[in-house]
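Contents: one structure, followed by commentary.
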Amino acid sequence: MIIIFFWFSANGFVRGESQVVFLLQRSDRAKRAYAKVLGARMLFDGSPHRDLLSPTVGSIARLLDDVYEDINVDKKKVKYVECYGTGYQPTDFAEVEGLKAALCKGRQDPLLIGSVKGNVGHSEGSSGMVSLVKVISILRTGVIPKTLNYQKPNPRIPSLVDGSVQVVAENTPMAIDDDTIIGTTAMSFTGTIGHVVLGVASKSKVPVNPENEIPRLILACGRSEEEVTRVLTKVG
88 MIIIFFWFSA NGFVRGESQV VFLLQRSDRA KRAYAKVLGA RMLFDGSPHR DLLSPTVGSI
148 ARLLDDVYED INVDKKKVKY VECYGTGYQP TDFAEVEGLK AALCKGRQDP LLIGSVKGNV
208 GHSEGSSGMV SLVKVISILR TGVIPKTLNY QKPNPRIPSL VDGSVQVVAE NTPMAIDDDT
268 IIGTTAMSFT GTIGHVVLGV ASKSKVPVNP ENEIPRLILA CGRSEEEVTR VLTKVG
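First residue of the sequence shown? That's 88 in the numbering used here, and the numbers climb one at a time after it.
Structure, rendered in C-alpha cells:
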C-alpha cells in the first residue's frame with residue numbers, strides 16, 4: 088500500500104517509524120542554527136460535529152488565525168505549508184480547506200503544500216517532528232521536495248480544483264531570504280491540532296575544524312549490516 092495525499096483515490100496511510108531529536112536554544116547562545124521558531128500554537132477541537140478522525144475546517148482556520156496573529160505576520164507571506172496529510176479524505180478536506188480559509192485571502196499566487204508521509208509513512212507520535220525536519224531542509228536548500236504519489240487534485244477538495252492551494256508535485260526551487268516563512272501542521276486522533284511557524288536562522292553554521300581531535304558521533308542506518316558498513320566506509 089502507498090500513501091496518496093489530496094487525490095480522489097486516497098484511502099488512508101501506512102505506519103512508519105522515526106526518531107527525531109531537536110536542540111532548542113536561545114538564538115544569542117546558539118553556536119549554530121538551522122532555523123528559528125517564530126511561533127507555535129495548539130488547539131483542541133472538541134466540536135461534536137467533527138469526524139472522529141478529523142478536525143473541522145473552522146477549527147483549523149481558527150488555529151492558523153491565532154498563531155499568525157500572535158507573531159504579527161502577514162499570512163500572505165507564508166510560502167509553503169507542510170501538511171499533516173494522512174491520505175484519509177475527510178482529514179485532507181478539512182486541512183486543505185482550513186488552509187484556504189486562513190491563509191489565501193488576498194493571495195496572488197497559490198499556497199504551496201505537501202506532505203512527507205509519502206516518503207516515510209505515518210510515524211504517529213513523532214510524525215510532526217519528521218515534518219519539521221523537512222521544513223528545515225527546505226529552508227537550508229531552497230528546494231521543496233515533491234509530494235510522492237500525488238497525480239492530480241481531488242475533485243472533492245474545492246481549493247485544489249480552483250487553484251487556491253497547490254500540491255508540490257515536482258521538486259520545486261523556492262527563493263529563501265530573511266523574510267521566508269514556512270508553516271507545518273500536525274494533528275492527533277483525539278482532535279488536538281498544532282501548528283509551528285519556522286523562519287530562516289540569522290546565525291551561520293560554525294565551520295568544523297578538521298584538525299580538532301574531539302571525538303564525534305556519526306549516525307548511520309541501513310536495511311542490512313552490509314549497507315551500514317558501506318555507509319561507514321564511505322564516511323571514513
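By construction, the Cβ of each residue, glycine as well, lies at the ideal position given by its N, Cα and C atoms.
Original post:
What did DSSP end up calling F180 once you bin it into helix, strand or coil?
Top reply: Here residue 180 is taken as the residue at index 93 of the sequence shown, counted from 1. DSSP places F180 in helix when its eight states are reduced to three.
Original post:
Near D157, what residues of its chain come up, given a Cβ to Cβ distance below 6 Å and the 5 sequence neighbours on each side ignored?
Top reply: For the purposes of this step, residue 157 is taken as residue 70 along the sequence shown, with counting starting at 1. If we look at D157 and ignore the five residues flanking it on each side, its Cβ neighbours are G126.
Subject >> Nonlocal neighbours in the same chain, by C-beta distance under 7 Å from L150, ignoring five residues either side >> reply: One-based indexing of the sequence shown puts residue 150 at position 63. Excluding residues within five positions, the ones whose Cβ falls inside 7 Å are R128, L130, I280 and H282.
Subject >> Member of T267, K123, V168 and V230 whose CA lies at the smallest distance from the CA of C191 >> reply: On the sequence shown, residue 191 is found 104 positions in, with the first residue counted as 1. With distances taken between Cα atoms, C191 lies closest to V168.
Subject >> Among A307, P245, Y155 and E312, the one whose alpha carbon lies nearest that of Q176 >> reply: Within the sequence shown, the letter at position 89 stands for residue 176. Of the candidates A307, P245, Y155 and E312, the one whose C-alpha sits nearest the C-alpha of Q176 is P245.
Subject >> Identified DSSP bridge partners for G126 >> reply: For the purposes of this step, residue 126 is identified with residue 39 of the sequence shown, where counting begins at 1. Answer is V284.
Original post:
To the nearest angstrom, how far is it from the Cα of M88 to the Cα of G286?
Top reply: Position 1 of the sequence shown, counting from 1, holds the residue named residue 88. Position 199 of the sequence shown, counting from 1, holds the residue named residue 286. Only weak support exists for where M88 lies, its pLDDT of 43 falling under 50; the value from the coordinates is given anyway. Approximately 35 Å between the Cα atoms of the pair.
Subject >> Euclidean distance between Cα positions of V207 and G103 >> reply: Counting from one through the sequence shown, the residue named residue 207 turns up at place 120. Counting from one through the sequence shown, the residue named residue 103 turns up at place 16. Going from the Cα of V207 to the Cα of G103 covers about 6 Å.
**OP:** May I have the straight-line CA-CA distance separating I200 from R113, to the nearest angstrom?
**Re:** Within the sequence shown, numbered from 1, the residue matching residue 200 stands at position 113. Within the sequence shown, numbered from 1, the residue matching residue 113 stands at position 26. For I200 and R113, the distance between alpha carbons rounds to 29 Å.
Original post:
Residue range of the alpha helix (DSSP H) that T271 falls in?
Top reply: Within the sequence shown, the letter at position 184 stands for residue 271. First-last for T271: I268 to M274, but that is the beta strand (DSSP E), not the alpha helix (DSSP H).
**OP:** Report the partner residues of P260 according to the DSSP bridge assignment.
**Re:** For the purposes of this step, residue 260 is taken as the residue at position 173 of the sequence shown. Paired residue(s): V230.
Subject >> Sub-9 Å separation of K239 and P232 beta-carbons >> reply: Within the sequence shown, numbered from 1, the residue matching residue 239 stands at position 152. Within the sequence shown, numbered from 1, the residue matching residue 232 stands at position 145. Their beta carbons are not under 9 Å apart, which means K239 does not touch P232 by this criterion.
Original post:
Is DSSP giving L306 helix, strand or coil here?
Top reply: One-based indexing of the sequence shown puts residue 306 at position 219. DSSP places L306 in coil when its eight states are reduced to three.
Original post:
Among V154, F180, A181 and F276, which residue has its Cα nearest to the Cα of G212?
Top reply: Your numbering for residue 212 matches position 125 in the sequence shown. With distances taken between Cα atoms, G212 lies closest to F276.
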